[in-house]
Amino acid sequence: MSTQVHPLVSMIVLNYNGKQMLERCLSSIINQTFSDFEIIFVDNASTDGSVAFVKQKYPNDSRIRTIVNDRNYGPVRGLNIGASLSKGEYVAFLNNDIELDSNWLATLVSVLESDTSIGAASSKQLLMQDARRLQGIGSFIDPYGFNFQEGEGEIDVGQYGRMREIFHGGTTALIVRRQTLERVGLLDCTFEYGLDDGTFWANLRAQTGKRPTTFPQLAHAAVSLANQLQGPNLSGVCAA
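Anchor point for the sequence shown: position 202 equals 188 in my numbering, and the numbering is continuous, going up by one each time.
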């Protein structure tokens, strides 16, 4: 009897003083129905005991690798540090304030495995403080050239229950092929707080011809405290 071999996924979790959110976030990764993953926990020099908490809470889980930066490099370089150390065929970027549906990884890997024209995928996101409401399903460009998050604030009644192509899906909960990431390059450190992810998704389409896709009906990421990820005074944090 043959045993199916699943691709390894590198789950990169970026943290800065988010200790109170980590158990919910990391437990939702550990409890995924898809089990072939590594967790690269990148800590941006937290002062709230985040690193000690992770080591104490998950002392025997060999899938978790902790990277402690010497200072707060900000969200873009922090994620890039994790990506540069990853080994998976797929790389997932995750904020520390998300809680994944148990089928999140299995669903998005299945989507990517089934269609090689899809370079990256994200998911529907629900608000942590009100799980009936959508954070959004992905970003689009309106006729006037403005970026907007479709579905933001709407009650989730299944109105976005199908896979669809999007302009970009941010980096809150994103999975991308390693092959695509190597061709497009890591997130652009020229930008912080908003343009880095849009630039990445635009480059994905322009340089590879692959489509960015969102798959909302089974995948769920609840978002609440994203501003706590970055911390204050981060000008110039992308410098080497």
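For glycine and all other residues, C-beta sits at the position ideal for the given N, C-alpha and C.
Shortest Cα-Cα distance from R63 to any of M7, Y76, S88 and V28 involves V28.
In the three-state reduction of the DSSP assignment, L80 falls in the strand class. With 16 or more other CB atoms across the displayed protein chains lying within 10 angstroms of its CB, K110 is buried. Going by C-alpha positions, L(-6) is about 30 Å away from Q135. Between R169 and V77 the beta-carbon gap is near 13 Å, outside 8 Å, which marks them as no contact. Taking C-beta atoms under 8 Å as the contact rule, N66 and A31 fail to qualify, at a distance of about 16 Å. For Q165, the enclosing alpha helix (DSSP H) has its first and last residue at R164 to V170. Residue range F23 to D29 is occupied by the beta strand (DSSP E) that includes I26. For the set N3, F20, T166 and N1, the Cα lying nearest the Cα of L86 is the one of F20. Note on geometry: alpha-carbon atoms of S36 and N55 lie some 12 Å from one another.
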